[in-house]
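> Just add 269 to wherever you are in the sequence shown, counting from 1, and you've got the working numbering. Each residue gets a CB set at the ideal place from its N, CA and C atoms; glycine is no exception. Sharing a structure here in structure tokens format.
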Amino acid sequence: MFRKFIPLLVILALLLGALGCALLGRPSLQSDTVEESVINEASGLASSIRTPGLLYTHNDSGGEASVYVLNKRALMPARIDLKGISNRDWEDIATGVDPRDGQPYVFVGDIGDNNAKYPSAFIYRFAEPEILDTLITVAKIDRIEFTYEDGPRDAEALFADPRSGDLYVISKREENCGIYRLAYPQSYDKANVARRVGTLPYSWVTAADISPSGNRILVKTYSKIFCYKRGKKQSVAESLAGKPKEMPYKLEEQGEAIAFDEHGKGYFTISERLGDTPVELYYYK
């Protein structure tokens with residue numbers, strides 16, 4: 270009699286194993302409301318390197334020249350004011366370690382250009398401060414001015430390659446978005462030239478980020494998130510020429526920001542506020 274049950278037990282075990290794998294493969298989603306009314310047009314997101322567990326965000330065109338600090342539960346412990354610069358159209362933010370001095374920096378991308386009319390775009394770099402107060406003023410800011418080798422364009426995606434120090438910008442509005450590289454070290458005295466190193470087979474790229482180890486790249490559009498694997502010897506352009514994996518994404522009202530967590534294991538998104546809809550900080554793990 271016992272022998273008759275063995276095949277059934279094997280089948281049951283296989284089914285339970287398959288179910289367990291399916292459940293383990295399903296990402297968890299954490300959602301927290303951003304109560305701070307000042308964060309109403311969030312257009313960029315980056316994880317702190319100096320203070321793991323904190324995030325940086327900012328508003329887009331016409332907003333304050335400020336970076337807002339959030340924790341993982343969407344609470345705002347601090348604001349960083351950038352002295353002497355303006356917010357023409359800030360669209361993304363990134364963090365990265367300078368290969369020369371080994372220090373972590375924040376990069377703010379003033380790269381929005383809806384009508385492709387500005388002769389230059391800007392990336393503002395400043396050293397990551399210690400978050401010891403609720404209001405921090407930063408006066409020492411490096412200005413990275415750049416032009417695109419193929420003419421002005423609108424962009425909303427910026428990230429810093431942790432392996433090389435190169436900065437990457439992805440354009441937004443073309444049918445096939447362009448990938449542009451600002452080689453390290455960038456000049457702070459004269460305009461840099463962003464070289465086109467690749468093309469993506471889709472449009473409306475609103476954000477991008479790279480994992481702390483540089484082995485994965487996230488690219489976000491209004492409706493999808495793509496993840497690209499990167500080999501140890503691959504360039505960013507080679508990685509983005511590969512076939513991506515589509516990642517889980519809960520559609521937002523106007524989602525224009527994404528960031529890996531400090532370990533590169535999960536990712537955050539945040540949306541601009543539209544009407545009375547609350548701004549949510551989503552965490553996928």
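For a test of the three-state rule: what should DSSP assign to Ser268, helix, strand or coil?
Any question about residue 268 goes unanswered here, given that the chain covers just 270 to 554.
> Can you give me the Cβ contacts of Ile318 inside the same chain, cut-off strictly under 7 Å, excluding the 5 residues immediately before and after it?
The residues are Thr364, Val366, Pro373 and Glu397.
> Excluding five sequence neighbours on each side, which residues of the same chain lie with their C-beta closer than 6 Å to the C-beta of Arg422?
Once the five neighbours on either side are set aside, the close Cβ partners of Arg422 are Ala385 and Ser440.
> Excluding five sequence neighbours on each side, which residues of the same chain lie with their C-beta closer than 6 Å to the C-beta of Ile392?
Cβ within range, chain order: Phe376, Gly378 and Ile413.
> Consult DSSP for Ile539 and reduce its assignment to one of helix, strand or coil.
It is a strand residue.
> Taking the alpha-carbon of Lys459 as reference, which of Lys512, Pro346, Glu425 and Ala390 has the nearest alpha-carbon?
The residue with the shortest Cα to Cα distance from Lys459 is Ala390.
> For a quick check, are the C-beta atoms of Tyr518 and Ile494 less than 8 Å apart?
Yes, the pair counts as a contact, with Cβ atoms nearer than the cut-off.
> According to DSSP, Asp478 sits in a beta bridge with which residue or residues?
Answer is Leu487, bridged to Asp478.
> If we call anything under 8 Å between Cβ atoms a contact, is Arg225 one with Asn309?
This structure leaves residue 225 out entirely; the chain is present only between 270 and 554.
> Excluding sequence positions up to five away, which residues of its chain have a Cβ less than 8 Å from the Cβ of Thr468?
Same-chain partners within the cutoff: Asn445, Cys446, Gly447 and Ile448.
> Taking the straight line between their C-alpha atoms, what separation do you get for Tyr536 and Asp419?
Roughly 32 Å separates the two Cα atoms.
> If you count every other CB in all the chains shown that lies within 10 Å of the CB of Leu284, and 16 or more means buried, which is it?
Its pLDDT being 38, under 50, Leu284 is placed unreliably in this model, and the value from its coordinates should be taken loosely. Exposed, since its Cβ has fewer than 16 Cβ neighbours within 10 Å.
> For Gly434 and Asp545, I'd like the C-alpha separation in whole angstroms.
Roughly 40 Å between the two C-alpha positions.
> Within 10 Å of its beta-carbon, does Thr403 have 16 or more other beta-carbons around it, so buried, or fewer, so exposed?
So Thr403 ends up on the exposed side.
> Please give the ranges of any beta strand (DSSP E) in the segment 337–366, keeping only runs that are unbroken, at least 3 residues long and fully inside the region.
Segments of the beta strand (DSSP E) lying fully in the segment 337–366: 347–351 and 361–366.
> May I have the straight-line CA-CA distance separating Cys290 from Pro296, to the nearest angstrom?
Only weak support is given to the placement of Cys290: the predicted model assigns it a pLDDT of 32, under 50, and the value that follows is read from those uncertain coordinates. Rounded to the nearest angstrom, the two C-alpha atoms are 12 Å apart.
> Hey, out of Ala526, Arg485, Ala426 and Arg442, whose CA is closest to Ile380's CA?
If we check each option's Cα against that of Ile380, Ala426 comes out closest.
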